[in-house]
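> One structure coming up, written as structure tokens, with questions to follow.
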Amino acid sequence: MNKNRIKESIIIATYAIILFLVLTNLNIVNSSYGFIVDLLNPIIYGFVFAYILKGPYNFIRDKVIKYNGGTSRFDKLKPAIALISSYTIFIGVIILLVVAVVPQLWSSINTLIQEISTKEFDKILAELKNLNDLNISSKELAEIWSKVEEALKNFATLLTDIISKIVPAITNFLVGFTTSITNSVIVFVFSLYFLAAKESLVIQVKKLFFAFLPEKVANYLVHVGYVVDGAFSKFITGQITEAFILGTLSFIGMTILNFPYALLVSIILGATNVIPIVGPIFGAFPATFIVFMADTSNPMKAIWFIVFIIVLQQIDGNLIYPRVVGSSIGLPGLWVMITILVGGNLFGIMGMLIGVPAVAVIYSLMKEVTNAKLKEKNIIISEKLDYQ
130 MNKNRIKESI
140 IIATYAIILF
150 LVLTNLNIVN
160 SSYGFIVDLL
170 NPIIYGFVFA
180 YILKGPYNFI
190 RDKVIKYNGG
200 TSRFDKLKPA
210 IALISSYTIF
220 IGVIILLVVA
230 VVPQLWSSIN
240 TLIQEISTKE
250 FDKILAELKN
260 LNDLNISSKE
270 LAEIWSKVEE
280 ALKNFATLLT
290 DIISKIVPAI
300 TNFLVGFTTS
310 ITNSVIVFVF
320 SLYFLAAKES
330 LVIQVKKLFF
340 AFLPEKVANY
350 LVHVGYVVDG
360 AFSKFITGQI
370 TEAFILGTLS
380 FIGMTILNFP
390 YALLVSIILG
400 ATNVIPIVGP
410 IFGAFPATFI
420 VFMADTSNPM
430 KAIWFIVFII
440 VLQQIDGNLI
450 YPRVVGSSIG
460 LPGLWVMITI
470 LVGGNLFGIM
480 GMLIGVPAVA
490 VIYSLMKEVT
500 NAKLKEKNII
510 ISEKLDYQ
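And the structure:
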């Protein structure tokens, strides 16, 4: 047996042993995986956040203030100006959304509470009137009052139990809230670093590829990186643009048709529309509920709103989405639907979000390989089938 065969046998045996250890210790592997993911979450979220802001950052840096790598003091400040501007715009958009949504949401909740309270109060008055009409004796009233006192004591006991459970819940909430704030700050810091140093990070990764891999493999990995970046960038831009268009159309339509809470509902529909295909369905439920609760005496308004949503989704799915998103990522509609269904079942909402651009990358790379193989064999296949 030569040295190469011995080396291959050792590698195969090593992989087999590792696979055996993994399969026989799945609990330890799962707990270790969860620990590592929790540990890396701030870094992952920071990278994702920076990647989302990469588009606005590049636009401001290259198109608005026109950074060209100059060495003057102002030229050196341009990336920092673009960085600050990107985060300022993002925070400003969040503040505007909160200012627009919270008052209307609070108003709708307050109206709902008042309406329920009024109905309950009227119901109690009606019951008291019925009691008065029954001519109940003083003895019967005493028995009723005794039961009321017993109910009040039970209520006091129940209230004590609730308070004893609420205090730990509040403590856990405060701890969780503090942890969330801390993690948000860490994510923010990591995103700042990733966005500010993205060019140098890409160069470092390229150096590693070419230093430790064959040149052909390194070149292909760099090409794959550009394909991935292009697919995800176009997908994010397309989804945000399409969500903005849908939200705007929803606001215009609701204003013309005199539906209540047009701004709040349009923001909900636009935000949920970021999730491909099924997002509008998720957004339709709370939107319909808000419209219905705004005027419970007229349920037909909610029904007409459902009709409006269906028409809007048809326009979005057949006209807006294919032109804004579908064509930009280069993935046929059938594959988009399959990806959303499979990704959603396997990984939930994140599978729906990430699945489409990920499959678009695979589709693009497979298309390149297929066309190259056909070219090597000197085979030309028409894009259209000729039926005879």
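Numbering (our numbering), first residue to last: 130 to 517.
All C-beta atoms, glycine included, are put in the ideal place defined by N, C-alpha and C.
All values derive from a computational prediction rather than experimental measurement.
1. Quick one, are the C-beta atoms of residue 364 and residue 179 less than 8 Å apart?
2. Can you tell me which of 218, 189 and 221 puts its alpha carbon nearest to the alpha carbon of residue 206?
3. Can you look up residue 197 in the DSSP assignment and give me helix, strand or coil?
4. What is the rounded straight-line gap between the Cα of residue 388 and the Cα of residue 484?
5. If residue 215 and residue 186 are in contact, beta carbons under 8 Å, what's the gap, nearest whole angstrom?
6. Check each candidate in 303, 497, 466 and 357 and name the one with the smallest Cα separation from residue 487.
7. Specify the secondary structure class of residue 506 as computed by DSSP and reduced to three states.
8. Give a yes or no on whether the C-beta atoms belonging to residue 379 and residue 321 are separated by under 8 Å.
9. At a Cβ threshold of 8 Å, is residue 293 touching chain D?
10. On a Cα-Cα basis, can you pick out the residue from 183, 355, 370 and 479 that is closest to residue 494?
11. At the level of alpha carbons, what is the spacing between residue 376 and residue 226?
12. According to the neighbour-count rule (16 or more other Cβ atoms, all chains shown, within 10 Å of its Cβ), is residue 402 buried or exposed?
13. According to DSSP, simplified to helix, strand and coil, what is residue 424?
14. Is it buried or exposed for residue 305, if we count other Cβ within 10 angstroms and need 16 for buried?
15. Locate the alpha helix (DSSP H) running through residue 355, then write down its first and last residues.
16. What residue from 301, 416 and 195 has the CA that sits closest to residue 392's CA?
17. What's the gap between the Cα of residue 437 and the Cα of residue 367?
18. With C-beta atoms as the reference, is residue 312 less than 8 Å away from residue 171?
19. Do residue 212 and residue 325 count as a contact pair if the criterion is CB distance below 8 Å?
20. With 16 as the cutoff for other CB atoms within 10 Å, does residue 111 come out buried or exposed?
21. State the start and end residues of the unbroken alpha helix (DSSP H) segment that holds residue 446.
22. Are residue 183 and residue 327 closer than 8 Å when you measure CB to CB?
23. Can you tell me whether DSSP reads residue 388 as helix, strand or coil?
24. Take residue 193 as the anchor and find which of 307, 210, 503 and 350 has the nearest alpha-carbon.
25. Ignoring anything shorter than 4 residues or poking outside the stretch 143–191, list the alpha helix (DSSP H) runs there in chain order.
To lay it out plainly:
1. Against the sequence shown, residue 364 aligns to sequence position 235. Against the sequence shown, residue 179 aligns to sequence position 50. No. Outside cutoff.
2. Translated into positions along the sequence shown, residue 206 becomes position 77. Answer by Cα proximity: 189.
3. For the purposes of this step, residue 197 is identified with residue 68 of the sequence shown, where counting begins at 1. Residue state for residue 197 is assigned as coil, using DSSP reduced to three classes.
4. Position 259 of the sequence shown, counting from 1, holds the residue named residue 388. Position 355 of the sequence shown, counting from 1, holds the residue named residue 484. Using only the alpha carbons, I get a separation of about 35 Å.
5. Along the sequence shown, read from residue 1 onward, the residue named residue 215 stands at position 86. Along the sequence shown, read from residue 1 onward, the residue named residue 186 stands at position 57. Contact flag correct, Cβ pair sits at about 4 Å.
6. Stepping through the sequence shown from its first residue, residue 487 is reached at position 358. For residue 487, the closest C-alpha among the options 303, 497, 466 and 357 is that of 357.
7. Counting from one through the sequence shown, the residue named residue 506 turns up at place 377. Residue 506 falls in the coil class under three-state DSSP.
8. In the sequence shown, residue 379 corresponds to position 250, counting from 1. In the sequence shown, residue 321 corresponds to position 192, counting from 1. For residue 379 and residue 321, no; Cβs fall outside 8 Å.
9. The structure shown has no chain D; it contains just one protein chain.
10. Start at 1 with the first residue of the sequence shown, and residue 494 comes out as number 365. When the alpha-carbon of residue 494 is set against those of 183, 355, 370 and 479, the nearest one is in 355.
11. Translated into the one-based positions of the sequence shown, residue 376 becomes position 247. Translated into the one-based positions of the sequence shown, residue 226 becomes position 97. Each residue's CA atom was taken as its position, placing residue 376 and residue 226 some 13 Å apart.
12. Position 273 of the sequence shown, counted from the start, is the residue given in the question as residue 402. Around the beta-carbon of residue 402, 16 or more other beta-carbon atoms lie within 10 Å, marking it buried.
13. Translated into the one-based positions of the sequence shown, residue 424 becomes position 295. Coil at residue 424, not helix or strand.
14. One-based indexing of the sequence shown puts residue 305 at position 176. It is exposed - the Cβ of residue 305 has fewer than 16 other Cβ atoms within 10 Å.
15. Residue mapping note: residue 355 aligns to position 226 of the sequence shown, counting from 1. Unbroken alpha helix (DSSP H) run through residue 355: 344–385.
16. The residue labelled residue 392 in the question sits at position 263 within the sequence shown. Of 301, 416 and 195, the residue nearest in Cα terms is 416.
17. Stepping through the sequence shown from its first residue, residue 437 is reached at position 308. Stepping through the sequence shown from its first residue, residue 367 is reached at position 238. The alpha-carbon atoms of residue 437 and residue 367 are separated by roughly 24 Å.
18. Walking along the sequence shown from the start, residue 312 turns up at place 183. Walking along the sequence shown from the start, residue 171 turns up at place 42. In this structure, residue 171 lies closer than 8 Å to residue 312 by Cβ.
19. The count along the sequence shown starts at 1 and reaches residue 325 at position 196. The count along the sequence shown starts at 1 and reaches residue 212 at position 83. The answer is yes: Cβ separation under 8 Å.
20. The question about residue 111 has no answer here: the residues shown for the chain are numbered 130 through 517.
21. Counting from 1 along the sequence shown, the entry for residue 446 is found at position 317. Residue 446 -> no alpha helix (DSSP H), and no H or E assigned at all.
22. Against the sequence shown, residue 183 aligns to sequence position 54. Against the sequence shown, residue 327 aligns to sequence position 198. Contact flag set, yes.
23. On the sequence shown, residue 388 is found 259 positions in, with the first residue counted as 1. Looking at residue 388 - three-state DSSP - the assignment turns out to be coil, as it is neither helix nor strand.
24. Translated into the one-based positions of the sequence shown, residue 193 becomes position 64. For the residues 307, 210, 503 and 350, the minimum Cα distance to residue 193 belongs to 210.
25. Entirely contained in the stretch 143–191, the alpha helix (DSSP H) runs reaching 4 residues are, in chain order, 155–188.
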